[in-house]
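So my numbering is basically just the index in the sequence shown, starting at one, shifted up by 28. Where a beta carbon is used, it is the ideal one built from N, C-alpha and C, also for glycine. From a predicted model like this one, the values you see are computed outputs, not experimental measurements.
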Amino acid sequence: VQLQASGGGLVQAGDSLRLSCEASGINFRINAMDWYRQAPGKPRELVATITSDFSITYADSAKGRFTISRDNVYRVLNLQMNSLKPEDTAVYYCHTIGQGGRHFWGQGTLVTVSS
29 VQLQASGGGL
39 VQAGDSLRLS
49 CEASGINFRI
59 NAMDWYRQAP
69 GKPRELVATI
79 TSDFSITYAD
89 SAKGRFTISR
99 DNVYRVLNLQ
109 MNSLKPEDTA
119 VYYCHTIGQG
129 GRHFWGQGTL
139 VTVSS
């Protein structure tokens, strides 16, 4: 299983970024997919989840600003992030749980938001 995240970068507060995660080696269509993030010195936290039937949940910090989506044809998970804040600075990881309950993580993509 490979989860390849991309799209991070350095932006200013108020800007937008779109993260993508290309998945391979899994039955993408049936897997719930998540975005997590980890800020320096803080534990990793769940940002958003999209299930196989497109049910979506967001962390309170992401509601109204972030949009998670998936493309089952191209096996891509996306996270559109608008109105970014300095507190959104973190490494963002895509994640899924495979057969047998094994967790799979992407390599992470760094988002830095300057004030």
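Coil, strand or helix - residue i by DSSP
| i | result |
| --- | --- |
| Leu127 | A small correction: the amino acid at residue 127 is Gln; Leu does not occupy that position in the sequence shown. DSSP places Gln127 in helix when its eight states are reduced to three. |
| Ile58 | helix |
| Asp88 | coil |
Extent of the continuous beta strand (DSSP E) to which residue i belongs
| i | result |
| --- | --- |
| Gly37 | Gly37 to Gln40 |
| Ser143 | Unbroken run through Ser143: none, as it is neither H nor E. |
Cβ distance (whole Å) where residue i is taken to contact residue j below 8 Å
| i | j | result |
| --- | --- | --- |
| Leu105 | Phe94 | That belief does not hold up - the Cβ atoms of Leu105 and Phe94 are roughly 13 Å apart, past 8 Å. |
| Phe132 | Val39 | Wrong, their Cβ atoms sit about 28 Å apart, outside the cutoff. |
| Ala41 | Val141 | 6 Å |
DSSP bridge partner residues for residue i (one or two, in chain order)
| i | result |
| --- | --- |
| Ser64 | Note that residue 64 corresponds to Tyr in the displayed sequence, not to Ser. DSSP lists Leu74 and Tyr121 as partners of Tyr64. |
| Asp99 | Val104 |
| Ser34 | Ser48 |
| Thr79 | Answer is none; Thr79 lacks a bridge partner. |
| Leu138 | Val119 |
Q: Would you check if there are 3 or more beta carbon pairs closer than 8 Å linking the stretch 43 to 51 to the stretch 111 to 128?
A: The count of Cβ pairs closer than 8 Å, one atom from the stretch 43 to 51 and one from the stretch 111 to 128, reaches three, so the stretches are in contact.
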